[in-house]
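A quick write-up on the structure given underneath.
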Amino acid sequence: LDITGPITVECWLKPSIDYPSTPPEWRGLLTKGYSNEESYGLSYACWTGELHFAIRDGGNRYAAITRMELKSGIWYHIAGTYDGDTIRLFVNGLMVASATHHGSIIPNDMPLWIGRGGSGNRSFNGVIDEVRISNKARY
């Protein structure tokens, strides 16, 4: 899971509550590491309603970001890709955000977190299914 080049990170999720919500915290959906040390990940900023797919190439974090509500009881397919030049974020098969960046993803020795951030009580309130991480930019 220490992917340094092209990557796709994807999952299906179904929230149990409506997002955005309080308290103002991150909700990790699928992250390798956490906080300032994540290699890559899908996360949700509860206070702004922003969905992120981010990579880190050392000390810098680069992300494709979109604002969206996640409604309770509805399934969403979320995917993030990076091909070495562009970070892309997809929701239900449609590209909703992109950002240009050229570089390698920095690996780390931290676990892969599914449904929570690595630093405590930042759990996603809902179901996450069909997680897939691959070393190809599939979309």
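Taking the numbering used here, the leading residue of the sequence shown gets 752, the next gets one more, and so forth. Even for Gly, the Cβ is constructed at its ideal location relative to N, Cα and C.
Beta-carbon contacts of residue i that lie in its chain and below 7 Å, excluding the five residues immediately before and after
i: P757; result: Y833, D834, G835, N886, K887 and A888
i: S823; result: P766, S767, I768 and D769
i: N876; result: P766, S767 and I768
i: A814; result: H803, F804, A805, I838 and A850
i: I857; result: S790, R807, D808 and G809
Beta-carbon contacts of residue i that lie in its chain and below 6 Å, excluding the five residues immediately before and after
i: E761; result: A830 and R883
i: R812; result: A805
heavy atom of the ligand ZN below 6 Å from residue i C-beta
i: H803; result: As far as ligands go, the structure on display features none, and thus does not contain the ligand ZN.
N- and C-terminal bounds of the beta strand (DSSP E) containing residue i
i: I816; result: R812 to R818
i: V783; result: The sequence given here places Lys at residue 783; Val does not occur at that position. Start and end: W777 to K783.
i: G792; result: Y791 to A796
i: H803; result: E801 to R807
i: R867; result: R867 -> no beta strand (DSSP E), and no H or E assigned at all.
i: G893; result: Nothing about residue 893 can be read from this structure; the chain reaches only from 752 to 890.
i: D880; result: G877 to S885
i: S849; result: L845 to T851
i: K765; result: I758 to P766
Supposed close pair residue i, residue j - CB separation, criterion 8 Å
i: T837; j: S849; result: 6 Å
i: G866; j: L780; result: 7 Å
i: L752; j: I879; result: The Cβ separation is near 16 Å, so there is no contact.
Cutoff 8 Å; reference residue i; Cβ partners in own chain excluding five residues on either side
i: T782; result: E789, Y791, G792, L793, S794, L863, W864, G868 and G869
i: T817; result: E801, L802, L840, V842, V847 and A848
Below-7 Å beta-carbon distance, residue i vs any chain B residue
i: A888; result: You won't find chain B in this structure, because it holds only one protein chain.
So does the stretch 779 to 794 actually touch the stretch 848 to 861, counting three or more Cβ pairs closer than 8 Å?
yes
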